[in-house]
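In this note's numbering, the protein residues as written are 689 to 1123.
Ideal Cβ placement from N, Cα and C applies to all residues, glycine included.
Here the structure is a predicted model, which means the values were calculated and not measured.
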Amino acid sequence: MSTDPTGPAAFGDALRRFREKAGFSQAELAKRANYSKSHLSRIEHGHKQPSLALARACDRELGARGELVKHVAPTIVDVPDAAGPHGDIWTLSMTSDGQTEFSALDRTSSVANGTQQWMGWIIGPPYGWAGAAEHVVPAFHGWFVDLRRLGQRAPSGLVSQMLISATNVVRGVVATTAASERVAMLELASRFAEYTGWMAQENGSDAAALWWTAYAVRLADAAGDRETATYALVRRADIALYQGDSMRTIALSREAQASDCHVRIRGLAAQREAQGHAYAGDEEACRAALERATAWAAQTRDTEAGAQFGSSTMPDSLAFATAWCLNDLGYPADAASMLEDQIRSLGPRAHRTRARFGARLAVSLAEAGEVDRACDAVAPVLELAPVIDSATVRHDLRNFSRSVGRWRRRPLVRATLTDLAYALRVHSLEPIRYA
689 MSTDPTGPAA FGDALRRFRE KAGFSQAELA KRANYSKSHL SRIEHGHKQP SLALARACDR
749 ELGARGELVK HVAPTIVDVP DAAGPHGDIW TLSMTSDGQT EFSALDRTSS VANGTQQWMG
809 WIIGPPYGWA GAAEHVVPAF HGWFVDLRRL GQRAPSGLVS QMLISATNVV RGVVATTAAS
869 ERVAMLELAS RFAEYTGWMA QENGSDAAAL WWTAYAVRLA DAAGDRETAT YALVRRADIA
929 LYQGDSMRTI ALSREAQASD CHVRIRGLAA QREAQGHAYA GDEEACRAAL ERATAWAAQT
989 RDTEAGAQFG SSTMPDSLAF ATAWCLNDLG YPADAASMLE DQIRSLGPRA HRTRARFGAR
1049 LAVSLAEAGE VDRACDAVAP VLELAPVIDS ATVRHDLRNF SRSVGRWRRR PLVRATLTDL
1109 AYALRVHSLE PIRYA
C-alpha cells in the first residue's frame, strides 16, 4: 500500500474508515454527496485520485472536520517574487484592435538590446514641474480615486492600460520635483503601482501582478513607507491562494502578521491565513486565525492611515473571508447565508465586488445542494463577467461549473451551463500581454 499521505490509497482508507464510523453504505454516501456509487467505490479502493470537491462533500456528509480534505494533495505552484528586474525603462505597445503589450527592462539590458535606439513620437518628461507638487498631488489623487471607481465597472485590461500610463506620468513628476515635495508624489505613485498589480491579477497575469506589487514597494520604500512592503506580503498570499498553494498562503500571511505594521494590514493577513488553513482542511487553525482577524478589525478605524490598503468597496472583508473559509471547511449553507447578507450591503456601482461575492455565493449554494438557488445566484454574475473581465471571478465560475455539473440533467442547470460557457469565452477587451 502507498505510504503517501495525500495519495489515492491513503484517501480511500480514510474515506472507508469515516464512512463505516458514520454507519453509511457506499450507496448511501454516494447519494448524499451526489456522486455515483461506482465512482465512489473506485475512489475508496484507491483506483482514482479524488477531487477536492469530492473530498469536501464527503467530509461534510461524514462530519470528518477537514480530515478527508487533508488527504488531497494541494496544487503547489512556484510563485516568484517578481516577474523580472525592477526596470526603469517601460515599453507599452498599443494596436488599433485594443491589444496592448507591456514590458519592463533595466537600463543596461535595454542598451544591450538596442531598445533605446528605437525612435518614434516620444512625449518628453514634465520638466518645469518643480514646485508644483501642491497642485499636482490633489489632481493625481483625484485621478487615482476615479480609476479605482472605474475598476469596479470596466474591463481590467482597459483599466490596466490607463493605470500604467498614469503611473509613468507620476514617476516622471517625481524625477523633476524638489526633494521636499517628492515624498507625497512617491507615495501616490506607489498606490498607482499597487492598484495596477491588482488589475494585472484580474487581467489574468499573476507574474505581472507580482512585478507591479514589488514595484509599488520600491516606490514606497523611497518615500520612507514600510507599510506597503508588509501589505505586499498579503497581496502575494492572495495570489498564492488563488493558485491553490495553501502552504505558501499561510507562510506569507504569518510573515505579514509578525511585522510591525498597521493593525488593518495584520487583520487582512490573518484573513488570508485563515483562508489558507481552510483550503488545507485545518478547521482549528482556521478559526484561530479568524479570531485574530476579528480582534485586529475591532482596532481599525477608517480614518487611520492603514485604511488605504485593501478593498474600498467591500463593506466587510472579514465576513467575506469567513464565508470563504466556511465553504472550504464543509459548511456551504452557512457560507451562503453570510454572502447573501454581504451582497445586500453592496453599493449599486460595485460591479466587480458584486461579481466576486455572487460567484462565491453560487459555489456555496451548489455545494450545499441548493441547485436552483445556485443557478439564480449566478445569473447576474454571468451578465457582469464579460464586462469586468475578471480572472478571479472566472476562477470561481469554473468551480461553480464543476459543482453544479453533477446536476446537469436538470433543464435549469443545462441552460445555466450554456450561459456560463458563453460568459467564460467572451472578453470585452483583449488582455494585456506582458513580455
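(request) In angstroms with no decimal places, state the Cα-to-Cα distance between Q889 and A827. (result) Distance between the alpha carbons of Q889 and A827 is about 27 Å.
(message) Rounded to whole angstroms, what is the Cα-Cα separation between H950 and E915?
(response) One C-alpha to the other measures close to 7 Å.
(request) Work out the CA separation of T1041 and D1004 for me, nearest whole Å. (result) Answer to the nearest angstrom: the Cα atoms are 11 Å apart.
(request) Alpha carbon to alpha carbon, how far is D894 from V824? Give it in angstroms, no decimals. (result) V824 and D894: Cα-Cα distance of roughly 32 Å.
(request) Whole angstroms is fine: what's the gap from D701's alpha carbon to G1093's? (result) Computed Cα separation, rounded: 27 Å.
(request) To the nearest angstrom, report how far apart D897 and D926 are at their CA atoms. (result) Per the sequence presented here, residue 897 reads as Ala, with Asp not at that position. Put simply, the backbone Cα of A897 is about 11 Å away from that of D926.
(request) Step through the CB atoms of chain B and report whether any lies within less than 8 Å of the CB of I852. (result) Absent from the structure is chain B; it holds one protein chain and no more.
(request) Could you tell me the distance, in whole angstroms, from the CA atom of G751 to the CA atom of G830? (result) Approximately 52 Å, taken between the alpha carbons.
(request) Say whether the segment 1082–1100 touches the segment 1056–1073, bearing in mind that this needs 3 or more beta-carbon pairs closer than 8 Å, one atom from each stretch. (result) Judged by pairs of C-beta atoms under 8 Å, the segment 1082–1100 touches the segment 1056–1073, as three or more such pairs exist.
(message) Which residue wins for smallest C-alpha separation from R923, given the options D909, A718, G912 and V905?
(response) Checked all of D909, A718, G912 and V905; the closest Cα to R923 is V905.
(request) Return the chain-ordered list of same chain residues with a C-beta closer than 6 Å to the C-beta of V1069, the five sequence neighbours on each side being excluded. (result) Take V1069, set aside five residues on each side of it, and the residues of its chain with a beta-carbon closer than 6 Å to its own are A1043, G1046 and A1047, in chain order.
(message) If you reduce the DSSP assignment to three classes, tell me which class F790 lands in.
(response) Three-state result, F790: strand.
(message) Considering only the alpha carbon of each residue, which of Q945, L1017 and R841 lies closest to L756?
(response) The candidate whose alpha carbon is nearest that of L756 is L1017.
(request) Within 10 angstroms of the Cβ of A1103, are there 16 or more other Cβ atoms? Answer buried if so, exposed if not. (result) With fewer than 16 Cβ atoms within 10 Å of its Cβ, A1103 is classed as exposed.
(request) Consult DSSP for A771 and reduce its assignment to one of helix, strand or coil. (result) Residue placement at A771 is flagged as unreliable, the pLDDT there being 38, under the threshold of 50; the coordinate-derived value follows with that caveat. It is coil, neither helix nor strand.
(request) State the DSSP-derived secondary structure class of D1077, mapped to helix, strand or coil. (result) Note: D1077 maps to coil in three-state DSSP.
(message) Rounded to whole angstroms, what is the Cα-Cα separation between V833 and V847?
(response) So the two alpha carbons sit approximately 12 Å from each other.
(message) Report the start-end ranges of each beta strand (DSSP E) in the segment 1059–1107 that is 3 residues or longer and not cut off at the edges.
(response) Runs of the beta strand (DSSP E) inside the segment 1059–1107: none found.
(request) Below 8 Å CB to CB, which residues in the same chain sit around I811 once its five sequence neighbours on both sides are set aside? (result) With a pLDDT of 49 at I811, under the threshold of 50, the modelled position of that residue is not reliable, and the figure given next carries that caveat. Closer than 8 Å at Cβ, skipping near neighbours: no residue.
(message) Quick check on the DSSP output: what are the complete alpha helix (DSSP H) runs of length 4 or more inside the segment 920–991, in order along the chain?
(response) Listed in chain order, the complete alpha helix (DSSP H) runs (minimum 4 residues) inside the segment 920–991 are 934–945, 951–968 and 971–987.
(request) Evaluate Y1110 with the Cβ neighbour count: other Cβ atoms within 10 Å of its Cβ, from every protein chain shown; 16 or more gives buried, anything less gives exposed. (result) When all chains shown are included, Y1110 counts as exposed.
(message) To the nearest angstrom, how far is the alpha carbon of L1105 from that of C974?
(response) It is roughly 33 Å from the alpha-carbon of L1105 to the alpha-carbon of C974.
(request) On a CA-only basis, which of G912, I938, Y930 and A944 is nearest A920? Give me that one, please. (result) The residue with the shortest Cα to Cα distance from A920 is A944.
(request) Would you tell me roughly how many angstroms separate the C-alpha atoms of F712 and L728, rounded to the nearest one? (result) Cα-Cα distance, rounded: 13 Å.
(message) Is it the case that the segment 1071–1081 contacts the segment 867–874, given that we only count it when at least three CB pairs across the two stretches are under 8 Å?
(response) Taking 8 Å as the limit for Cβ pairs, the verdict is that the segment 1071–1081 does not touch the segment 867–874.
(message) Quick check on DSSP: helix, strand or coil for D1004?
(response) Looking at D1004 - three-state DSSP - the assignment turns out to be coil, as it is neither helix nor strand.
(request) Please work out which residues of its chain come closer than 7 Å, Cβ to Cβ, to A1054, disregarding the five sequence neighbours upstream and downstream, and give them in chain order. (result) Scanning its chain for C-beta atoms nearer than 7 Å, with the 5 sequence neighbours on each side dropped, one finds around A1054 the residues A1062, F1088, S1091 and V1092, in chain order.
(message) So the candidates are K736, L740, L717 and H733; which of them puts its Cα closest to the Cα of Y967?
(response) In this structure, L740 is the residue among K736, L740, L717 and H733 with its C-alpha nearest to the C-alpha of Y967.
(message) Can you list, in chain order, the residues of its chain with a C-beta nearer than 8 Å to that of W984? Leave out the 5 residues immediately preceding and following it.
(response) Counting only Cβ-Cβ distances below 8 Å, and skipping sequence neighbours, we find V951, R952, R954, G955 and A958.
(request) State yes or no: is the C-beta of A977 within less than 8 Å of the C-beta of L1006? (result) In this structure, L1006 does not lie closer than 8 Å to A977 by Cβ.
(message) Please return the same chain residues whose Cβ sits closer than 6 Å to the Cβ of D747, not counting the five positions on each side in sequence.
(response) For D747, same chain residues with a beta-carbon under 6 Å away, outside a window of 5 residues either side, are L756, V757 and G1018 in chain order.
(request) Using 10 angstroms around the beta-carbon of E971, count the other beta-carbons present and answer buried if the total reaches 16, otherwise exposed. (result) E971 comes out buried.
(message) For the alpha helix (DSSP H) containing A904, name the first residue and the last one.
(response) For A904, the enclosing alpha helix (DSSP H) starts and ends at D894 to A910.
(request) Would you mind giving the Cβ-Cβ distance between E681 and L1049, rounded to the nearest angstrom? I have them listed as a contact below 8 Å. (result) This structure cannot settle anything about residue 681, because the visible part of the chain is limited to 689 through 1123.
(request) Closer than 7 Å by C-beta to L838: which residues in its own chain qualify, once you throw out the five before and the five after it? Chain order, please. (result) Answer for L838: V847, listed in chain order.
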